Every structure is written in structure tokens, then in C-alpha cells.
Amino acid sequence: MASLAALLIPLSLTLLVATATAKQTGQLTVFWGRNANEGTLRETCDTGLYNTVIISFYSVFGHGRYWGDLSGHPLNTIGADIKHCQSSNILVLLSIGGDASKTYSLPSSQSAADVADNLWNAHLGGRRPGVFRPFGGDAAVDGIDFYIDNGGPAHYDELARRLDGYNKFYRGRKGVRLTATPRCGFPDGRLDHALRTGLFERIHVRFYGNDTCSLAKGGTSERGVLGVGSGESGVPEGAQGTVAVYLKYLYYDLLPKVQKAPNYGGVMVWDRFADKKTRWSGVVKGWA
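Just so you know, the sequence shown maps onto residues -22 to -1, 1 to 266 in mature numbering (1 follows the signal peptide of the UniProt record, and there is no 0).
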């Protein structure tokens, strides 16, 4: 039989920083922006499946250049789509990092300050004249997700502190939310220092792309999910027959266990393109 990990849709279990009563949350998060055939951001939000959509990726930064890779999606419609999603009470985040082949790192404290400044003025609530806002002048994402697979761990804690510092410009609400999507091995070598700042409200622990602690193998993920005290995790999606087997495992075994954790927060799915083909989230939402 083909490997379960090779055929399933990547998903992740969401853990929250603030503890709550263990129970189903119905919270689903999805990554969007990795395939031009996945549909628009607006269409993704209009499915009614997702509570959070993470735009991926802002993948060039740290060396005086800042840019994103949205796999061919036209930028001129994304701003209106962001505001449409937000009007439906769907959080829209921007994920930084991504594929290890991309050019990004934080070589110095100044680099962390510069990246925070660019994110604030290009994608969040800042409006400094002369800074290009690729999604449109008045569209702002709700926060930043850290998905770091390249370079070393240095200065991401400083980046998190600087981004969180912009919350002083918001009255009565948190305008810059921070989440992270680390690998399931605990601790994640690139994000450990950043996560220890305590500034991340959710963590999406990835149970894909790393066979040493995949959900299919089991037994090694508990510390990775629960040890930080905040997050969301994911599993791969694929061939229908194997997905049916996996869904049974998810329903009867995995979710009942993780939902006992006081900081369980839901499920993250990688990614919208695969989810659109399999309609996996339509089944799982009632279990999450």
C-alpha cells in the first residue's frame, strides 16, 4: 500500500496561547496563494469553510529587497478580496518565508527592523509615502505568519517584537496578530527563539514535509504540538481512497486525543488547491 504520508493532504492542528476548555472549535485555517488554479482569495472565503486564510508567501526579504510569490495570482484584485474576506469575519494573514529555495534571511538586527518596517508599511496599517503596497493602498492583512524553512534562526525573535510593537497604534484591539507554522519536530531550530517571546497567539504545527514526526507515524508529535502552548497543525491530502482511510484515523484516533489539550484550537489545511480538489475540509470542519 502506498505511504499514507505521501498521499494525504497536509494539515495541522491549531494550538492557542491562551488556554480554553478542551472541545471542538470548528476552526479551520487554509494556506492560499500556491497555485493559480486554486481560485481567487474571494472564492476561498466565500466557501464558508475557513475561519482564517493565510496568503503565501512573502518570500524575498532581509537583504534590502522585499517581494512575494503568489504563483501567478494577479495582485490587483487581492486587496479588494482581503477586505471582502474581512467583512465576513475571516482573518487574513500574510505568511513570510516558505519554500527553502527562496531568498530570505535576517542577517542582522537591522535586517529585522527593516523587514518589520516594510511589512508594516506595505501590508499592515502603516502608510508611509513612497512604500509600494502590492495589494492596494487601503487593504491591510490582519497579521503575519512565520513559515521559516531557510537560513538560520537569528533575529526572528526581534522581528516578532517589532511587529508586535505596532499594536500600540491600535486602540482596543490587536491590529497585528502573530502566528507561526513550524515543523513538527520540537523544538523547531529556526523558530524556537521567536516562539519563546510569547507573542504568538497561534501555532500551526506542520505534520508534513518531515517524515520523522508525521501524523501517519504517530507517537512523536505530542511534545511538538503541546510544548509551545500555541498553534495549529496540518496533514497532506491526495488520492480519494487513501483519504478515506486517513479520515477514519483522524476522526476516531487523532482528533479525540488532541482535543483533550486545553490549548487545542482547530485544524490547518495545506493548501487550498488540494482542498478544492478533494473537498476534504467540508468533511473535517464538523469534527474540528
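All residues carry an ideal CB built from backbone N, CA and C; glycine is no exception. Given the structure is predicted, the values throughout are model-derived calculations rather than measurements.
- If you draw a straight line from the Cα of residue 138 to the Cα of residue 175, it comes to about 8 Å.
- Of the candidates 145, 153 and 42, the residue whose Cα lies closest to the Cα of residue 85 is 42.
- In this structure residue 89 is in contact with residue 133, their Cβ atoms being roughly 6 Å apart against a cut-off of 8 Å.
- Residue 258 sits in a helix when the DSSP states are folded into three classes.
- Here residue 54 is exposed, its C-beta having fewer than 16 other C-beta atoms within 10 Å.
- Residue 36 is bridged by DSSP to 46 and 74.
- Rounded to whole angstroms, the gap between the alpha carbons of residue 68 and residue 19 is 11 Å.
- Under the DSSP definition of a beta bridge, residue 155 partners with 121.
- Counting along the chain, residue 98 sits inside the alpha helix (DSSP H) bounded by residues 87 to 100.
- Taking the C-beta atoms as reference points, residue 103 is found nearer than 9 Å to residue 144.
- By the neighbour-count criterion, in which a residue is buried when 16 or more other Cβ atoms sit within 10 angstroms of its Cβ, residue 146 is exposed.
- As computed with DSSP, residue 126 is found in a beta bridge with 76.
- The criterion of a C-beta distance shorter than 9 Å is not satisfied by residue 26 and residue 266.
- By the neighbour-count definition (other C-beta atoms within 10 Å, threshold 16), residue 263 is a buried residue.
- Scanning 87, 187, 117 and 228 for the CA closest to the CA of residue 98 turns up 117.
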